[in-house]
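**Q** In the numbering used here, the protein residues as written are 632 to 1118.
Built from N, CA and C at the ideal position, the CB exists for glycine as well.
1. Could you give the first and the last residue of the continuous alpha helix (DSSP H) run that contains residue 995?
2. Which residues in the same chain have their Cβ closer than 6 Å to the Cβ of residue 661, if we skip the five residues on either side of it in sequence?
3. Enumerate, from N- to C-terminal direction, the unbroken beta strand (DSSP E) stretches of 3 or more residues contained entirely within the segment 665–713.
4. Can you give me the start and stop residues for the alpha helix (DSSP H) that residue 741 sits inside?
5. Bridge partners of residue 1026, per DSSP?
6. Pick out whichever of 1057, 684, 824, 816 has its Cα sitting closest to the Cα of residue 856.
7. Apply the 10 Å Cβ neighbour rule to residue 819 and answer buried if 16 or more other Cβ atoms are within range, or exposed otherwise.
8. Quick one: residues in its chain with C-beta nearer than 8 Å to the C-beta of residue 733, no 5 flanking neighbours on either side, listed in chain order?
9. Identify which residue in 647, 959, 894 has its Cα closest to the Cα of residue 693.
10. Is the number of C-beta pairs between the segment 806–821 and the segment 752–772 that are closer than 8 Å three or more?
11. Measuring alpha carbon to alpha carbon, tell me which of 950, 852, 843 ends up nearest residue 730.
12. Does residue 914 come out as helix, strand or coil in the three-state DSSP assignment?
13. In three-state DSSP terms, what is residue 642?
14. Tell me which residues share the same chain as residue 877 and place their Cβ nearer than 6 Å to its Cβ, disregarding the 5 neighbours each side in the sequence.
15. In its own chain, which residues sit with a C-beta less than 8 Å from the C-beta of residue 825, not counting the 5 before and 5 after it?
16. What's the gap between the Cα of residue 795 and the Cα of residue 838?
17. For residue 750 and residue 1042, I'd like the C-alpha separation in whole angstroms.
18. Just the Cα atoms here: how many angstroms apart are residue 657 and residue 1090?
19. Could you tell me if residue 1110 is buried or exposed, where buried requires 16 or more neighbouring beta carbons within 10 angstroms of its beta carbon?
20. Taking 8 Å as the threshold (C-beta atoms), are residue 681 and residue 777 in contact?
21. Could you tell me how far apart the beta carbons of residue 667 and residue 810 are, in whole angstroms, since I believe they sit closer than 8 Å?
22. Who are the near neighbours of residue 632 in its chain, counting only those whose CB is closer than 7 Å to its CB and skipping five residues on each side?
23. Where does residue 869 sit, in a helix, a strand or coil, going by DSSP?
24. Taking a contact to mean a Cβ-Cβ separation below 8 Å, would you say residue 655 touches residue 933 in this structure?
25. Buried or exposed: residue 1005, going by 16 or more other Cβ atoms within 10 Å of its Cβ?
26. So, is residue 1007 buried or exposed, given that buried needs 16 or more other C-beta atoms within 10 angstroms?
27. Tell me, please, whether the CB atom of residue 957 is closer than 8 Å to any CB atom in chain D?
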């Protein structure tokens, strides 16, 4: 029986079209999913859109559309973008789907039956942009700490979830499982916040029509975060066969701004349901522009489609994975992008591929020679051709640790080694002085490139495929430069 691996990303809020920050998380998760499939895991990789709530309701009204019409249109933008980026998700879950609504109601009923729900009055502060309740001490001045927008004072009847009941259990789990929340700095942030008594959670809204109605009181709809977080169960058909196969999730990959919702609200709900907890919650940093998180209101949004159109999908995937640490914020500029593109892709990988094709074409008319039996058996030849394979465990470990920048650095060291190998062996001299050695050198070089392509598969699938198509047969195919230099 195959081992399973369940990867999820946060589902996106489609009040606006997706920007580059949305793409980062999906690409990170995609690398891990592809890597696990290579390791022969049966993977369930879920993404989607979070389509209810006050913000969506208001945006639809502004556009003169019904909420369902609006989210149908916006969700398609996200779905289409992930196809452009070669995201290999197994499911795209929408919170307006019947299968999801059914799961939300099922989850609520189980929590209600445990007497973990009660009616009361909520009085506090609410940010419409992130659909989150805040205490005064959490604000930056009088602004939302995430969106830097004024919060709204709110007083209304509501149903509460007894989240405070699970504080001790939650704290114990986080303290006893060092890698439950990564990176460590974010884990410490949660632990510090949990030093204060944990407030019960308002799980319903009376003034929001666009949502799933509470089964016990149809005047109310579910608070959008309770609705959204349940997608991790609806995507695997809780509580049925597929759920039993894939749960607990191996990793939730999310942005640092929604860590509290996942590490505290979601985990508390799971504790109430008496379900196993996710094995890991990974909170990545932001892509900033001009030092600030991308947002339409700040006018600093970078359209990922335009980047792909100009530079190619794998160039964008490479830059986002290589330029920034997966746990820190990284500032995007076109100058940084083009410098990295030229240095690593055009002059590095692309040049090595073209150089190798050129030598095989020039010295062997594009036809790889069959090496004689003695050369194939020689220990030295075997050692040379298998050099890159020593890096398999190191690169794989870096991917498992979500250190994508470090994994790519290892791969680019192989590219640099291949360039050194060419310069040390000087094929342009061997063609006259030692043709047999030339055969060996170019054969080793071709094997190097096939190994590099194999390593690149999770990161740059189209590029890896192109390299394999060039070098896998005896007849070497000429191709246009993979990454034309930007002048």
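**A** Straight from the coordinates:
1. Within the chain shown, residue 995 is the residue found at index 364, counting from 1. Segment 982–995, the alpha helix (DSSP H) holding residue 995.
2. Here residue 661 corresponds to residue number 30 of the chain shown, with the count starting at 1. Excluding sequence neighbours, residue 661 sits near 718, 719.
3. 673–680
4. Translated into the one-based positions of the chain shown, residue 741 becomes position 110. Secondary structure note for residue 741: its alpha helix (DSSP H) is the uninterrupted segment 729–744.
5. Mapped onto the chain shown, residue 1026 falls at position 395. DSSP lists no partner for residue 1026.
6. Within the chain shown, residue 856 is the residue found at index 225, counting from 1. For the residues 1057, 684, 824, 816, the minimum Cα distance to residue 856 belongs to 684.
7. As a first step, residue 819 must be located in the chain shown, where it is residue number 188. With fewer than 16 other Cβ atoms within 10 Å, it is exposed.
8. Position 102 of the chain shown, counting from 1, holds the residue named residue 733. Contacts found: 865.
9. As a first step, residue 693 is located in the chain shown; it is residue number 62 there, counting from the start. Minimum Cα distance to residue 693 is reached at 647.
10. no
11. Sequence index remark: in the chain shown, residue 730 carries index 99 (1-based). Among 950, 852, 843, the Cα nearest to that of residue 730 is on 843.
12. Taking the chain shown and counting its residues from 1, one reaches residue 914 at position 283. Residue 914: strand per DSSP, three-state reduction.
13. Numbered from 1 along the chain shown, position 11 holds the residue referred to as residue 642. The answer is coil: DSSP assigns residue 642 none of H, G, I, E or B.
14. Taking the chain shown and counting its residues from 1, the one referred to as residue 877 is at position 246. Within the same chain, residue 877 has close Cβ partners 635, 637, 675, 867.
15. In the chain shown, counting from the first residue as 1, residue 825 sits at position 194. Closer than 8 Å at Cβ, skipping near neighbours: 798, 801, 802, 805, 895.
16. As a position in the chain shown, residue 795 is number 164, starting the count at 1. As a position in the chain shown, residue 838 is number 207, starting the count at 1. Cα-Cα distance, rounded: 25 Å.
17. The residue labelled residue 750 in the question sits at position 119 within the chain shown. The residue labelled residue 1042 in the question sits at position 411 within the chain shown. Each residue's alpha carbon lies about 57 Å from the other.
18. For the purposes of this step, residue 657 is identified with residue 26 of the chain shown, where counting begins at 1. For the purposes of this step, residue 1090 is identified with residue 459 of the chain shown, where counting begins at 1. Answer to the nearest angstrom: the Cα atoms are 12 Å apart.
19. Looking up residue 1110 in the chain shown gives position 479. Exposed, by the Cβ-count rule.
20. As a working mapping, residue 777 is identified with position 146 in the chain shown. As a working mapping, residue 681 is identified with position 50 in the chain shown. No, the pair does not count as a contact, with Cβ atoms beyond the cut-off.
21. Start at 1 with the first residue of the chain shown, and residue 667 comes out as number 36. Start at 1 with the first residue of the chain shown, and residue 810 comes out as number 179. Going by Cβ atoms, the distance from residue 667 to residue 810 rounds to 17 Å, so no, they are not a contact pair.
22. Here residue 632 refers to the residue found at position 1 of the chain shown. Contacts found: none.
23. Sequence index remark: in the chain shown, residue 869 carries index 238 (1-based). Residue 869 falls in the coil class under three-state DSSP.
24. Sequence index remark: in the chain shown, residue 655 carries index 24 (1-based). Sequence index remark: in the chain shown, residue 933 carries index 302 (1-based). Not a contact, by the Cβ cut-off of 8 Å.
25. Taking the first residue of the chain shown as position 1, residue 1005 is located at position 374. With a pLDDT of 37 at residue 1005, under the threshold of 50, the predicted position of this residue should be treated as unreliable, though the coordinate-derived value follows. The residue is exposed, with fewer than 16 neighbouring Cβ atoms inside 10 Å.
26. By 1-based counting over the chain shown, the position of residue 1007 is 376. Per-residue confidence for residue 1007 stands at a pLDDT of 43, beneath the threshold of 50, marking its modelled position as unreliable; the derived number appears in the next sentence. With fewer than 16 other Cβ atoms within 10 Å, it is exposed.
27. As a matter of chain content, chain D is missing from the structure shown, which is built from one protein chain.
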